[in-house]
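Heads up, the thing below is written out as structure tokens.
Numbering (the working numbering), first residue to last: 27 to 315.
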């Protein structure tokens, strides 16, 4: 059912990478960025129904880094759902989030909210930078989708199964895991979007005809350089930059999905809604009648 009730707001933060500087403690650059992003999420006017952390919460998968994250997340008055990324550890993540479901050794699970299903997938493979999606994970996803063909569904996963043009971060389109995932989602029109992380910069594209977005990272960004890479020739190109962190806010309402990205910074307010702007506001709303 796609009712017109209260909107469902899903916040997404990704690629936090706490522990990149293990000796820096609270002044670690990534921790400062994480706290700034979380503080803004908690301070902005749109209270989310949940927060999805779409992988790479830590840089080394260690318990100490996860403890720093879970300590900060205690300020959240809404559920927090973690996904595993290639820098994480499944076992440590489950210890840090003991209420997080898992099945068959994988950290994948379904959430239901306001007539919407959210499927959180596991694309982690120890020792790999890129994604993985084996036959067992594909079977789980197929089972979930086949059992709820009429329920609008969002998919969250760490690794995007698409070629973005950032050569050193991309999979090949014919990798087994990409094909396994593609075969599982084919023919399921209830999937309204796929939301990912990993790329360390925002992206909008599609996969098998399904809208696909990548949220901006909390940790420093991957440079926007679409030139091919020759791994045998270091060319001194920029790889990582100090672009500000960000997060995504996904709004589901009346059968439609809208995704907003907010960049974190010390921005000045240039206008507020006071009496001087009321005539303009009335005119704008009158045009809708």
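Yeah, the Cβ is synthetic: ideal placement off N, Cα and C, and Gly gets one too. Predicted, not measured: the structure shown is a model, and the values here were computed from it.
Report buried or exposed for residue i, applying the criterion of at least 16 other Cβ atoms within 10 angstroms of its Cβ.
i           : result
residue 91  : buried
residue 293 : exposed
residue 179 : buried
residue 297 : exposed
residue 109 : buried
residue 299 : exposed
residue 38  : buried
residue 60  : buried
residue 257 : exposed
residue 78  : buried
residue 183 : buried
residue 36  : buried
residue 27  : With a pLDDT of 43 at residue 27, under the threshold of 50, the predicted position of this residue should be treated as unreliable, though the coordinate-derived value follows. Exposed: under 16 other Cβ atoms inside 10 Å.
residue 104 : exposed
residue 246 : buried
residue 314 : exposed
residue 175 : exposed
residue 268 : exposed
residue 303 : exposed
residue 282 : exposed
residue 123 : buried
residue 72  : exposed
residue 138 : exposed
residue 284 : exposed
residue 308 : exposed
residue 115 : buried
residue 31  : exposed
residue 158 : buried
residue 94  : buried
Where does the unbroken beta strand (DSSP E) through residue i begin, and where does it stop?
i           : result
residue 38  : 34-39
residue 168 : Premise fails: residue 168 lies in the alpha helix (DSSP H), 161-173, not in any beta strand (DSSP E).
residue 274 : 272-279
residue 283 : 282-289
residue 119 : Careful: residue 119 lies outside any beta strand (DSSP E), inside the alpha helix (DSSP H) at 116-122.
Can you round the beta-carbon distance between residue i and residue j to whole angstroms, since I take them to be within the 8 Å contact cut?
i           : j           : result
residue 185 : residue 149 : 4 Å
residue 239 : residue 230 : 5 Å
residue 222 : residue 128 : In fact, because the Cβ distance is near 20 Å, the residues do not count as touching under 8 Å.
residue 244 : residue 265 : The Cβ separation is near 18 Å, so there is no contact.
residue 228 : residue 241 : 7 Å
residue 145 : residue 214 : Contact doesn't hold; Cβ gap of about 11 Å is too wide.
residue 279 : residue 33  : 4 Å
residue 82  : residue 42  : 7 Å
residue 187 : residue 208 : 7 Å
residue 167 : residue 210 : 4 Å
residue 224 : residue 111 : 7 Å
residue 217 : residue 236 : 5 Å
Against chain C, with Cβ distances strictly below 8 Å, would residue i count as a contact?
i           : result
residue 190 : The question asks about chain C, but that chain is absent: this structure has only one protein chain.
Mind checking which residues open and close the alpha helix (DSSP H) that includes residue i?
i           : result
residue 304 : 304-312
Is residue i a contact residue of the ligand HEM, with contact defined as CB to any heavy atom under 7 Å?
i           : result
residue 121 : By its list of ligands, the structure shown contains no ligand whatsoever, and the ligand HEM lies outside what it can speak to.
Q) Do the region 191-205 and the region 53-63 touch if we need at least three Cβ pairs shorter than 8 Å? A) They do not touch, by the three-pair rule.
(Q) Runs of 4 residues minimum, wholly inside the region 54-113: which ones carry the alpha helix (DSSP H) assignment? (A) Entirely contained in the region 54-113, the alpha helix (DSSP H) runs reaching 4 residues are, in chain order, 55-69 and 89-99.
Q: Pair every Cβ in the region 273-291 with every Cβ in the region 248-255, then say whether three or more of these pairs are closer than 8 Å.
A: Contact fails: fewer than three Cβ-Cβ distances are below 8 Å.
Q) Does the pairing of the region 123-133 with the region 170-179 give three or more beta-carbon distances under 8 Å? A) Because the criterion of three Cβ pairs below 8 Å is not met, the region 123-133 and the region 170-179 do not touch.
(Q) Between the region 87-107 and the region 152-169, can you find at least three pairs of beta-carbon atoms closer than 8 Å? (A) Cβ pair count under 8 Å is below three, so no.
Q) Curious, which full-length alpha helix (DSSP H) runs of at least 4 residues does the region 140-227 contain? A) Segments of the alpha helix (DSSP H) lying fully in the region 140-227: 161-173 and 202-211.
Q. In the region 232-269, which residue ranges form an unbroken beta strand (DSSP E) of at least 3 residues, counting only runs that do not cross its ends?
A. Complete beta strand (DSSP E) runs here, min 3: 236-240.
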